[in-house]
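These notes are about the structure you will find just below.
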Amino acid sequence: MTRAPILAALVLAACGDTAPPGFSSGGSAVTSASDTTGGSSSSDTSSTTPADDSAGSSGSSDTGILGDVGTAMDFDSGQPPGCKGKVDILFVISRLHTMGTEQTQLLASFPGFIDTIEEKLEGFDVHILTANPDGAWPGQDVCEGGDGLCKDNFPDCGPTAEDYQCGVYPDLKTECDEVLGAGLSFNTGGDAANKLCNLEDGRRYIVNSEPDMADAFECIAKVGTSGGVPLMGDALIAAISPELNGSGGCNEAFLRDDALLVIVFISDVEDGFSKSYAKTQYDAIVAAKGDPSAVVMLAVVPQPHKEGEPKIPGCTYNEGEIDFGDLLSKFPYTAFGDTCAPSYAPFFDVAIDKISEACETFAPQ
1427 MTRAPILAAL VLAACGDTAP PGFSSGGSAV TSASDTTGGS SSSDTSSTTP
1477 ADDSAGSSGS SDTGILGDVG TAMDFDSGQP PGCKGKVDIL FVISRLHTMG
1527 TEQTQLLASF PGFIDTIEEK LEGFDVHILT ANPDGAWPGQ DVCEGGDGLC
1577 KDNFPDCGPT AEDYQCGVYP DLKTECDEVL GAGLSFNTGG DAANKLCNLE
1627 DGRRYIVNSE PDMADAFECI AKVGTSGGVP LMGDALIAAI SPELNGSGGC
1677 NEAFLRDDAL LVIVFISDVE DGFSKSYAKT QYDAIVAAKG DPSAVVMLAV
1727 VPQPHKEGEP KIPGCTYNEG EIDFGDLLSK FPYTAFGDTC APSYAPFFDV
1777 AIDKISEACE TFAPQ
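1427 is the number of the first residue of the sequence shown in our numbering; add one for each residue after it.
As structure tokens, this is what we get:
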């Protein structure tokens, strides 16, 4: 697709003028980080100015009013201006059997998300990785092993995985396909991509030079609904670990010291099986990036059901504390989306805005 420079528009947006158009349509799917202790989902976004770096910071203004973004970047500092830097985007997506509705919503949002990256983030050097959320390869247990679906549905893996090739795909599986936190490039099972992604240079994540970024993104993020219990926090820690990002690691060179890190959780169940918890996850992220302001934290999770609105069949609602609220509250740039929203497009629109805001203060080292 054709790219058009929009740096001037971003500068105007930062100064309070009309922002460049996104791809939102319909109602907002975004809530404030300060709304994570219950109550109805709000159309307000989360904080737009950095909070202090203490672990208890909510990252939200009491007034909800957009704060002053400050003066223009110092272009003589030797650092890239805010929106000319690098961005590493890490998705951690549950592939539990309950994710059917969310999978459909996510797939429908792919084209708009890619368009927004191309249009709003012109000039960025982007890495996009989807982390293995459970440390398994569904093709083995669900399709091939024991009473797997290949047994009764040969040569495929059943009605939701007709593109799967029984007896062939196990030979194409690699060690990294079964590593917690490793980039997914061979999603298999029900409702999954069921094909090798064949990303450029054999990477397990997308880079800017990928010939068809939209197709590649769908391949790595169409994780399906045949996974085990998601270990969202543990997968996050593993995905950004030196072991996986170092030389010879499954995610080699994905995480860059001079890049803004964007983490996106998408799950309809609580992360109740990870061995880690909010504090250890926060510590791992800060150890990887050095500064909480170098990170944008996003989560599409169940929200409270709004009184008077019909419940969506198959969708999960949360009447208690919002999942990942403890973790996201420790960072200055955050936003929550609703898994039951009619569209995820508004959430991703806000997500791109959060990245732009973070870039105003991010100084690559």
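By construction, the Cβ of each residue, glycine as well, lies at the ideal position given by its N, Cα and C atoms.
To which residues does DSSP link residue i through a beta bridge?
{"i": "residue 1679", "result": "Per DSSP, none; premise fails for residue 1679."}
{"i": "residue 1553", "result": "1514, 1633"}
{"i": "residue 1760", "result": "1723"}
{"i": "residue 1609", "result": "1557"}
Should residue i and residue j be called a contact, given that it needs their Cβ atoms to be closer than 9 Å?
{"i": "residue 1566", "j": "residue 1770", "result": "no"}
{"i": "residue 1610", "j": "residue 1629", "result": "no"}
{"i": "residue 1554", "j": "residue 1580", "result": "no"}
{"i": "residue 1388", "j": "residue 1583", "result": "This structure cannot settle anything about residue 1388, because the visible part of the chain is limited to 1427 through 1791."}
{"i": "residue 1649", "j": "residue 1618", "result": "yes"}
{"i": "residue 1659", "j": "residue 1697", "result": "yes"}
{"i": "residue 1651", "j": "residue 1593", "result": "no"}
{"i": "residue 1714", "j": "residue 1667", "result": "yes"}
{"i": "residue 1556", "j": "residue 1646", "result": "yes"}
Could you name the residues of the same chain whose beta carbon sits closer than 7 Å to that of residue i, not counting the 5 residues immediately before and after it, in chain order?
{"i": "residue 1765", "result": "1528, 1694, 1726, 1727, 1728, 1741, 1742"}
{"i": "residue 1774", "result": "1535, 1538, 1539, 1542"}
{"i": "residue 1642", "result": "1623, 1625, 1632, 1636"}
{"i": "residue 1699", "result": "1655, 1657"}
{"i": "residue 1675", "result": "1669"}
{"i": "residue 1731", "result": "1737, 1743"}
{"i": "residue 1639", "result": "1540, 1632"}
{"i": "residue 1701", "result": "1660"}
Which residues in the same chain have their Cβ closer than 6 Å to the Cβ of residue i, if we skip the five residues on either side of it in sequence?
{"i": "residue 1723", "result": "1689, 1754, 1757, 1760"}
{"i": "residue 1603", "result": "1563, 1612"}
{"i": "residue 1503", "result": "Confidence at residue 1503 is low in this model, with a pLDDT of 40, below 50, so the placement of that residue should be treated as unreliable; the coordinate-derived value is given next. Cβ neighbours of residue 1503 beyond the five flanking positions: none."}
{"i": "residue 1679", "result": "none"}
{"i": "residue 1644", "result": "1536"}
{"i": "residue 1692", "result": "1519, 1726"}
{"i": "residue 1745", "result": "1730"}
Below 8 Å CB to CB, which residues in the same chain sit around residue i once its five sequence neighbours on both sides are set aside?
{"i": "residue 1560", "result": "1521, 1606, 1653, 1654, 1655, 1656, 1657, 1661"}
{"i": "residue 1682", "result": "1512, 1514, 1553"}
{"i": "residue 1672", "result": "1678"}
Output the boundary residues of the beta strand (DSSP E) element that contains residue i.
{"i": "residue 1691", "result": "1685-1692"}
Starting from residue i and walking both ways along the alpha helix (DSSP H), at which residues does that stretch end?
{"i": "residue 1740", "result": "No alpha helix (DSSP H) contains residue 1740, which DSSP labels as neither H nor E."}
{"i": "residue 1706", "result": "1704-1715"}
{"i": "residue 1776", "result": "1771-1785"}
{"i": "residue 1752", "result": "1751-1754"}
{"i": "residue 1768", "result": "It is not in any alpha helix (DSSP H) - residue 1768 carries neither H nor E in the DSSP assignment."}
{"i": "residue 1697", "result": "Run containing residue 1697: none; DSSP gives neither H nor E here."}
{"i": "residue 1796", "result": "There is simply no residue 1796 to check, as the chain begins at 1427 and stops at 1791 in what is shown."}
Point to revise | 4-residue-minimum alpha helix (DSSP H) runs that sit fully inside the segment 1615-1677, ordered along the chain | key: Correct list: 1639-1647, 1658-1665, 1668-1671.
Review point. Enumerated in chain order, which unbroken segments of the beta strand (DSSP E) with a length of 3 residues or greater are wholly contained in the segment 1519-1590?
Key: Runs of the beta strand (DSSP E) inside the segment 1519-1590: 1551-1557.
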